[in-house]
């Protein structure tokens, strides 16, 4: 029987583990921390009884993902909740930029920029299912919807600061830049506008839902699906070399997937990587 080890139990690692388990592969997921889930956790971080999501609280790409939808995680208790307004950016003068799932409702809060907001996001909204299908593909792939991807790409290749300059007033500009900051990099660089465009398009297409009970509900549902198909999870094990995985399973696994940060990849397989990759890490 083919054996696989997935290092890292974030949602991507668990999704990959489930895909392998569905294919009949014997899967073990290894997590360095005492709780599986990576950043997809919910904790009592302030006072007892008050739950906080450790990282992301809203999950538009989860509900938009065709693969996540195919898993039927509702069977394992996952329940999504939507609000009428997904997000807002308040300003000192009392105004605010609002993003609602309904594109028309959002544009009402932008005054002079309502038409500009609509023109920017309406094309992506019309073809959102095709677009999200392309976004979830590997970077190097043959597009199924090349025209849709090209149209979006021409916008997404721009720096976020360029896109923000299209708006005349602060509510639309502030809301867009606040979301664009999820790129976690300089917003005057090429491609930095893509994150804001995609996340706001998702808010108009599928909303920014929260998981009832907190983000960790997603992890619990994924773990239940994995266990249902024979997968197991080992927590509290920090993997520093591939040899550890052989010790864990008794034999060298046929498949190893690393759902870890680049520095973690270097620690585990650094000596096996090409020199140019090692320098980049």
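In this note's numbering, the protein residues as written are 62 to 342. A virtual CB, placed ideally from N, CA and C, is assigned to each residue, including glycine.
Among the residues of its own chain, which have a CB less than 8 Å from the CB of residue i, if the five just before and after it don't count?
i           : result
residue 173 : 229, 230
residue 329 : 68, 300, 301, 302, 303, 319, 321
residue 63  : 85, 86, 87, 315, 316
residue 82  : 88, 287, 290, 291, 292
residue 312 : 64
residue 278 : 103, 138, 139, 140, 272
Tell me whether residue i sits in a helix, a strand or coil according to DSSP, three-state version.
i           : result
residue 92  : strand
residue 104 : strand
residue 75  : helix
residue 194 : helix
residue 141 : strand
residue 258 : helix
residue 200 : coil
residue 120 : coil
residue 326 : helix
residue 173 : helix
residue 299 : coil
residue 332 : helix
residue 227 : coil
residue 313 : coil
residue 247 : coil
residue 281 : helix
Hey, quick one: how far does the alpha helix (DSSP H) through residue i stretch, first residue to last?
i           : result
residue 310 : 303-310
residue 109 : Where residue 109 is concerned, there is no enclosing alpha helix (DSSP H), given that its DSSP letter is neither H nor E.
residue 204 : Where residue 204 is concerned, there is no enclosing alpha helix (DSSP H), given that its DSSP letter is neither H nor E.
residue 338 : 336-341
residue 129 : 127-132
residue 252 : Residue 252 -> no alpha helix (DSSP H), and no H or E assigned at all.
residue 239 : 231-241
Is the Cβ-Cβ distance between residue i and residue j less than 7 Å?
i           : j           : result
residue 143 : residue 268 : yes
residue 209 : residue 188 : yes
residue 314 : residue 90  : no
residue 282 : residue 134 : yes
residue 234 : residue 177 : no
residue 72  : residue 103 : no
residue 270 : residue 124 : yes
Beta carbon of residue i: closer than 6 Å to some heavy atom of the ligand GDP?
i           : result
residue 140 : Inclusion of the ligand GDP in the displayed structure is not the case, the ligand content being empty and no account of it being possible.
Just reading off the beta strand (DSSP E) that residue i is part of, what are its end residues?
i           : result
residue 151 : 146-151
residue 317 : 316-319
Going by DSSP, name the residue or residues bridged to residue i.
i           : result
residue 161 : 146
residue 87  : 64
residue 272 : 141
residue 293 : 89
residue 188 : In DSSP, residue 188 forms no bridge with anything.
residue 113 : 104
Near residue i, what residues of its chain come up, given a Cβ to Cβ distance below 7 Å and the 5 sequence neighbours on each side ignored?
i           : result
residue 241 : 221, 248, 253, 254, 256, 257
residue 218 : 251, 252
residue 246 : 253
residue 212 : 184
Among the residues of its own chain, which have a CB less than 6 Å from the CB of residue i, if the five just before and after it don't count?
i           : result
residue 197 : none
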